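In this text, residue positions in the sequence shown follow this note's numbering: the first is 16, and each later residue adds one.
Backbone N, C-alpha and C fix where the C-beta goes; we use that ideal spot for every residue, glycine too.
Note that the structure is a prediction, hence the values are computed from the model and not measured.
So the structure is just underneath, and the comments pick up after that.
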Amino acid sequence: MGESEIRKQQMEQRTQQILHAALELFCEKGIGDTSVEEIAKAADVGPATIYRYFETKAELAISAGIAYWQRMAGKYTGVLSGGEYEEMSGSRQMQCIFQIFARIFEEEFLFLKFLQEFDIFVRRYHISKERLAEYEECILNLKPYVTDALEKGLQDGSLDFPYTVDEVYFSVTHTLLSLMQKLSYNGSILSSDERVGLALQVRIAGELLLKGLVA
Numbered sequence: 016m017g018e019s020e021i022r023k024q025q026m027e028q029r030t031q032q033i034l035h036a037a038l039e040l041f042c043e044k045g046i047g048d049t050s051v052e053e054i055a056k057a058a059d060v061g062p063a064t065i066y067r068y069f070e071t072k073a074e075l076a077i078s079a080g081i082a083y084w085q086r087m088a089g090k091y092t093g094v095l096s097g098g099e100y101e102e103m104s105g106s107r108q109m110q111c112i113f114q115i116f117a118r119i120f121e122e123e124f125l126f127l128k129f130l131q132e133f134d135i136f137v138r139r140y141h142i143s144k145e146r147l148a149e150y151e152e153c154i155l156n157l158k159p160y161v162t163d164a165l166e167k168g169l170q171d172g173s174l175d176f177p178y179t180v181d182e183v184y185f186s187v188t189h190t191l192l193s194l195m196q197k198l199s200y201n202g203s204i205l206s207s208d209e210r211v212g213l214a215l216q217v218r219i220a221g222e223l224l225l226k227g228l229v230a
């Protein structure tokens, strides 16, 4: 292995080290309330090192978000391929997708809290759409899993809806993700919030959304 390759690996390891430390602090304290100095200390590097890799804290937050989405995609989309899945009807594929949403809620509270913190950070600091292009692209890479299932359901007759596939995709995913973020962030503020389990609420929402799409 050449010297340049070794240096490249070291830079990648350092980048991941910084992103990991940043994600933990962002989830714990919020992005706006986390300083670069705190991230540097947690990553066991100096603040100057972080600025060599990421010009601003906003760039670091966006890169952390991209890395988090990629990690979640790698962990949960494997079941949405292969012979058994391909043989399912469109409605059954959508059911599998909604079940994945429920699993993510049960297993990835920190991810959902990060999404909520990220949304707050973007609005508070007026991060432009242009700066979020790569982050958005990372999310939209997951879109075909849903739109393909919706289109298959229309073709095989297991789904029926009067809207375009894109309209249903954005409505369904925004509804579920918004609910999941809200419940993970502050789902039990009132005593009445505890009457129905948070995970059950997400499962019910998915089932109701599916019923609205089934022929």
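- Arg139 has its alpha-carbon roughly 18 Å from the corresponding atom of Leu127.
- A distance below 8 Å separates the beta carbons of Leu228 and Leu174.
- Judged by DSSP in its simplified three-state form, Val183 adopts helix.
- Using a C-beta cut-off of 8 Å, the region 164 to 180 makes contact with the region 104 to 119, since at least three inter-stretch Cβ pairs fall below that distance.
- If you draw a straight line from the Cα of Gly97 to the Cα of Arg118, it comes to about 20 Å.
- At least 8 Å separates the beta-carbon of Thr49 from that of Ala55.
- For Met109, the enclosing alpha helix (DSSP H) covers residues 105 to 122.
- Rounded to the nearest angstrom, the gap between the Cα atoms of Gly93 and Tyr160 is 11 Å.
- Ranked by how close their Cα comes to the Cα of Ala73, the residues Tyr100, Val60, Lys23, Tyr150 have Tyr150 in first place.
- Judged by DSSP secondary structure, Leu155 falls within the alpha helix (DSSP H) whose first and last residues are 148 to 155.
- Inclusion of Ala57 and Glu39 in the CB contact set at 8 Å is warranted, their separation being smaller than that value.
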